[in-house]
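So the sequence shown is residues -16 to -1, 1 to 129, counted in mature numbering (1 follows the signal peptide of the UniProt record, and there is no 0).
Backbone N, C-alpha and C define an ideal beta-carbon position, used for all residues, glycine too.
This one's a predicted model, so the numbers in the text were calculated from it and none came from an experiment.
Read through the structure below, which is laid out as structure tokens, and then see the notes.
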Amino acid sequence: MKKALFLLVLAGTAFATGCSKDDDSPKVYDYQNYDGMWVLAHVSGSIAGIDHDYDGSIIWNFDTEHHILSVVNNDADETVEDFLESGTYTYSFDANTVTPETCAETFNAGNLDFGCFVNNGNTIVLTQNESDGYVLTFNRIMTLD
């Protein structure tokens, strides 16, 4: 019994002290990994419990060399949130100031903080889960060479 208790205390101590959030090294994004065109596929979340699939009418095109986001928004449904109107926006990755912090930096475009940016290769997920916000899912439709 003492051995099991000792192992439990040892595991708890290792878990509590094994990770540190004091890593001040900057996050390096692989800009080629999201350069190109992405279609907004799904939006969910918020206090209202949004859960909406899109029909391909909203396209975001990332120019990672110049940090420019070009949006083509042909969504005519005024009852759903589509975030950015057609246009060109600068974007940035800024320090996350929301707690509890689930990512070090957030994606910002058009004076909107879209939250954490997760790129899974052919899918980008922008999530504002820290603040009961939205989760936007994009699918890659073309890459730039």
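>> Within a Cβ cutoff of 7 Å, which residues of the same chain sit near Ser41, ignoring the five residues on either side of it in sequence?
In response: Asn58 and Asp59
> Going by beta carbon distance, what residues of the same chain come within less than 7 Å of Cys87, once the five residues before and after it are set aside?
Replying inline: Asn80 and Cys100
> In whole angstroms, what is the alpha-carbon distance linking Val102 and Ser30?
Replying inline: 18 Å
> Would you say Tyr38 and Val55 are within 8 Å of each other, going by their C-beta atoms?
Replying inline: no
> To which residues of the same chain is Ser70 closer than 8 Å at the C-beta, ignoring the five residues directly before and after it?
Replying inline: Val55, Val56, Asn57 and Asn58
>> Between which residues of its own chain and Ala78 is the CB-CB distance below 7 Å, once the five residues before and five after are set aside?
In response: The sequence shown places Asp at residue 78, rather than the Ala named in the question. The answer, listed in chain order, is Glu89, Thr90 and Asn92.
> Cα separation between Ile34 and Phe67?
Replying inline: 13 Å
> Relative to the alpha-carbon of Val82, which residue among Asp116, Trp44, Ile125 and Asp19 has its alpha-carbon at the smallest distance?
Replying inline: Asp116
> At which residue ranges does the segment 80 to 120 contain complete alpha helix (DSSP H) runs of 4 or more residues, listed in the order of the chain?
Replying inline: none
> If you count every other CB in all the chains shown that lies within 10 Å of the CB of Val119, and 16 or more means buried, which is it?
Replying inline: buried
> Does the beta-carbon of Thr111 have 16 or more other beta-carbons within 10 angstroms, so that it is buried, or is it exposed?
Replying inline: buried
>> Helix, strand or coil, according to DSSP, for residue 136 in the structure here?
In response: Because the chain spans -16 through 129 in this model, residue 136 falls outside it and cannot be assessed.
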